[in-house]
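In our numbering, the protein residues as written are 15 to 512.
Remarks on the structure that follows.
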């Protein structure tokens, strides 16, 4: 206890000493890790999303209540099962003064249909036809059930065609969007600074800009809130929630999430290519211990690969219960009676670190010796995509449509950058997910996703651990923050007390 107090005091002194005074009108936000990319088509992590959704706009966005609402789109019309006509708003300007036109929409969507991270959502787009300066027809290869969900994804952020073609990759070192904030600077690993777009078509933001600070340690993010060095911390780990609640000048925003945290397996690498080993691991883990200890009860056990609020969530899946002897028997059957050694990778996240320690201790009891390795966020995602791992801990922020998570994580088309870091392949699951995407009737989609969930849990494509409660810490004086269950936030409406 004394050691923890000493560490906290030292961190507090360091933050106060090293902190940079921010302009009164700037919104200072702490994230756990830096953005991987400011090219929205090349990133699928929440830290990049939180920056990109505020630089760029999409045709559609999710409202705080998770209903689709028009953003750059003025209207939609389904011309036939494969053709969606979109009229875009006139007079919208990019940050460099160029006007948004159909050329930019066509360029963005067709580009995303070929980029691995975005192809997860846009791969079934065949092409985009330009009708006139402000009208396009999006033509899909199949009748596309989750089209609105896809258009709302960060990878659907509309790019300036002329600017990107003229600058190539450099265009994303100085990104230009139509969003409420303009890019100013990026000090890698430290901060990204955005200025308010006073000419934003929805109205000027409530602050003069946004500064995204990188503060990996949860305790340090909480201390920075306490000292008012930052205005918001987008992730408050459960261990620090009580501290935020106890300060009358701070507010803890809480909401059940659409995400799930899971233990992933590299299903293409022995011994994890054997479903018996994966099932043994699942039987060796006691979910209540992770909920109660690692997440301090700020989560519920996850029994499926999508959250309960998602369309087609299957409620009657088996509730796992720890069974050491059954786990040992499966390992023996798989040829590992004497046990085995595995490495467990994770990033800098306190709840995941605590979960890893619990998993390590519990798997030791069934004969699996687990070594824990913590990696820097960018390197972690890259190495997962390259299939270098064995076990890993990660989360996925879903959407109200099951396609938003299941297709990315479990369709074999999406190995690596596409989201399937488990490198899991099952022909029937692929078929079900493809059919679910190609079905436009919501009721008809439900049994397809239910069957897919049954197979994924039975084969232990991943081991679901928890559905966490999203917790954002903020100065109580801030107004206009809309919490949502996706963990991707818009900051245009936030205002700071003068």
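Every residue, glycine too, gets a C-beta built ideally from N, C-alpha and C.
This structure is a prediction, so every number in the text was calculated from the model and none was measured.
Asked	Found
Reduced DSSP secondary structure (H/G/I, E/B, other) of residue 80	coil
Residue 250 vs residue 497 beta-carbon contact at 7 angstroms	no
Inter-stretch contact (C-beta, 8 angstroms, three-pair minimum) for the segment 62-78 and the segment 158-177	yes
Under 7 angstroms between C-beta atoms of residue 47 and residue 391	yes
Beta-bridge partners of residue 199, as assigned by DSSP	207
Segment limits, alpha helix (DSSP H) that includes residue 121	116-126
Residues bridged to residue 429 (per DSSP)	434
Reduced DSSP category for residue 72 - H, G, I as helix; E, B as strand; rest coil	coil
CB of residue 284 within 7 angstroms of CB of residue 334, strictly	no
Residue 442 burial status per 10 Å Cβ neighbour count (16 or more: buried)	exposed
Pairwise C-alpha distance: residue 304 and residue 336	12 angstroms
Beta strand (DSSP E) segment containing residue 274, residue limits	273-279
Interface flag, residue 94 vs chain B, CB-CB below 7 angstroms	Here chain B cannot be found, since the structure has a single protein chain.
Per DSSP, cross-strand counterpart(s) of residue 485	268
Rounded straight-line distance, which links the Cα of residue 350 to that of residue 453	43 angstroms
Euclidean distance between Cα positions of residue 417 and residue 432	13 angstroms
Supposed close pair residue 148, residue 116 - CB separation, criterion 8 angstroms	6 angstroms
Burial state of residue 189, where buried means 16 or more other Cβ atoms lie within 10 Å	buried
Meets three-Cβ-pair contact criterion under 8 angstroms: the segment 51-61 and the segment 126-142	yes
Backbone CA spacing between residue 408 and residue 275 [nearest angstrom]	6 angstroms
For residue 307 and residue 300, the rounded distance between their alpha carbons	11 angstroms
For residue 141, the three-state DSSP class (helix, strand or coil)	strand
Close-in-space but distant-in-sequence residues of the same chain around residue 157 (CB under 7 angstroms, 5 per side omitted)	95, 96, 452 and 454
Close-in-space but distant-in-sequence residues of the same chain around residue 37 (CB under 8 angstroms, 5 per side omitted)	With a pLDDT of only 45 at residue 37, under 50, the local geometry of the prediction cannot be trusted, and the value read off the model is given with reservation. Excluding residues within five positions, the ones whose Cβ falls inside 8 angstroms are 222 and 223.
Status (buried if at least 16 other CB within 10 Å, exposed otherwise) for residue 508	buried
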